[in-house]
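Engineer:
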């Protein structure tokens, strides 16, 4: 694994393993530690994390998918690169399921896998169905594509027009 050569290995199955090593303990005795598969925990519930040690006694928390992707697909190809889970399962850290990509590609993956809250909505907050006849698409000043319910937009326009007429007869 890049940055942890001789200490840890990443498997193509998505696991991190410590390597067997010898060290001198605080009393000066030589000790051997066998290698083992590290236990990963879900930090924050979205991704599996492991604690790794370099030369100090302070652990570094790493996301397993980032370690596996770095090991099998190389370092980040560009600074903004993120790891994409091709099947949408953030706990499936097999090398064949991971790829470097842009944040935009990652967002499209979320929609494609049906995990985007807004893309899954079938109606507006007032209960009108999102059908092709009742949806208007627009682009925000920041370039984001959005959709609005035509019925709600029509009602809002009527209320706004009536309020303006009352203020300025």
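Residue numbers (the UniProt record's numbering): 1 to 169.
Here a beta-carbon is modelled for each residue, glycine too, at the ideal position from N, C-alpha and C.
For the putative contact between residue 48 and residue 93, defined by C-beta atoms under 8 Å, what is the C-beta separation to the nearest angstrom?
Structural biologist: 6 Å
Engineer: Using 8 Å as the threshold, is the C-beta distance between residue 118 and residue 110 below it?
Structural biologist: no
Engineer: Check residue 118 in the structure and name its three-state DSSP category.
Structural biologist: Judged by DSSP in its simplified three-state form, residue 118 adopts coil rather than helix or strand.
Engineer: Going by Cα to Cα distance, which pick from 161, 74, 123, 90 is closest to residue 147?
Structural biologist: 123
Engineer: Suppose only complete runs of 4+ residues qualify. What are the alpha helix (DSSP H) ranges in the stretch 59-101, listed by chain order?
Structural biologist: Fully enclosed alpha helix (DSSP H) runs of no fewer than 4 residues occupy 64-73 of the stretch 59-101, in order along the chain.
Engineer: What are the residues that DSSP puts in a beta bridge with residue 49?
Structural biologist: 41, 63
Engineer: Near residue 77, which residues of its chain fall below 8 Å by C-beta distance, leaving aside the five closest residues on each side in sequence?
Structural biologist: 100
Engineer: What does a CB cutoff of less than 6 Å around residue 45 pick up in its chain, not counting 5 residues either side in sequence?
Structural biologist: none
Engineer: Given 8 Å as the limit, is there contact between the stretch 68-76 and the stretch 20-34, that is, 3 or more CB pairs closer than that?
Structural biologist: no
Engineer: Between residue 54 and the rest of its own chain, which residues show a CB-CB distance below 6 Å, the 5 nearest in sequence each way excluded?
Structural biologist: Here the set comprises nothing.
Engineer: Answer with buried or exposed for residue 62, where buried requires no fewer than 16 other C-beta atoms within 10 angstroms of its C-beta.
Structural biologist: By the 16-neighbour rule on beta-carbons within 10 angstroms, residue 62 is buried.
Engineer: Would residue 14 and residue 83 be called neighbours here (beta carbons separated by less than 8 Å)?
Structural biologist: no
Engineer: By the 10 Å Cβ neighbour count, where 16 or more other Cβ atoms means buried, how is residue 50 classified, buried or exposed?
Structural biologist: buried
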